[in-house]
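So the structure is just underneath, and the comments pick up after that.
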Amino acid sequence: MHKTILLAALFGLLALVMNTSAQDKVDFETQVYPLIKASCVQCHRPEHDHPERPGRKIRPKGGYVFTNAEALMAAEVEDGPKFIVPGKPEDSRIIQVVKLPLHDDYHYPPEGKAPQWTAAEIELVSKWIAEGADFGKWKEDDKPLEYPVWDGKEK
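FYI, my numbering numbers position 48 of the sequence shown as 50, with every residue one higher than the one before it.
In structure tokens, the structure reads:
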């Protein structure tokens, strides 16, 4: 009888731990991508028509597109790290550049161009990368040309 109760308690505890860790996992689509869309997608989205110059195209800055999972995982600096290195946030260029001092030429997003990530947001993205950079069911932004217009005010 005692073994049965002990086993039932052990299985209950195991189920609770597994459920809690699944709930604590960072969700790319609802938690990480909104940060990327607000701070990066204005410049790093697919080539598109210039809104004020008919016949002209706007290309993604640096050739980097951050609106789909495949492009995000493929993005890397010529002589440096990939933007996202699953399991290694400190080796991921996206974390390195947002942590640089604001006045540094390599800090992103550039001051005044998009909202800066808070320490908590950097930690959230770092956690997502540390967890393996799982995109879940998200494959791409189906409206990459519709991005939030930043009012120039920080959070």
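A virtual CB, placed ideally from N, CA and C, is assigned to each residue, including glycine. Only a predicted model underlies this, so the values are computations on that prediction, with no experimental measurement involved.
Bridge partners of residue i, per DSSP?
i, result
"D171", "In the structure as shown, the chain starts at 3 and stops at 157, and residue 171 therefore has no counterpart that could be examined."
"K84", "E78"
"E142", "N70"
Write down the C-beta distance between residue i and residue j rounded to the nearest angstrom, noting that I regard them as a contact closer than 8 Å.
i, j, result
"H46", "P62", "5 Å"
"I131", "V100", "Not confirmed; about 12 Å, so no contact."
"P48", "V34", "With a Cβ gap of about 19 Å, P48 and V34 do not count as contacting."
"T69", "P146", "4 Å"
Shortest alpha-carbon distance to residue i belongs to which of the options?
i, options, result
"V114", "L126, Q44, E80", "For the sequence presented, residue 114 should be read as Gly rather than Val. Closest by alpha carbon: Q44."
"S94", "A116, P112, Q118, K129", "K129"
"E80", "K90, P91, G64, T69", "G64"
"I96", "Y110, L104, A40", "Y110"
"E92", "H52, V127, K27", "V127"
"L82", "P88, Q98, G89", "Checking the displayed sequence, the identity of residue 82 turns out to be Gly instead of Leu. Cα-wise, what sits closest to G82 is Q98."
"A40", "D26, D144, A116, D143", "A116"
"E142", "L104, P88, Q118, P36", "P36"
"W119", "P103, K84, D107", "P103"
"C42", "D144, E133, P112", "P112"
"G89", "D106, E133, H52", "E133"
| Taking one C-beta from the stretch 137 to 148 and one from the stretch 69 to 78 each time, how about it: are there three or more such pairs within less than 8 Å? | Contact holds: three or more Cβ-Cβ distances are below 8 Å.
| Contained alpha helix (DSSP H) runs [length at least 4] in the stretch 103 to 133, N- to C-terminal order | 121 to 132
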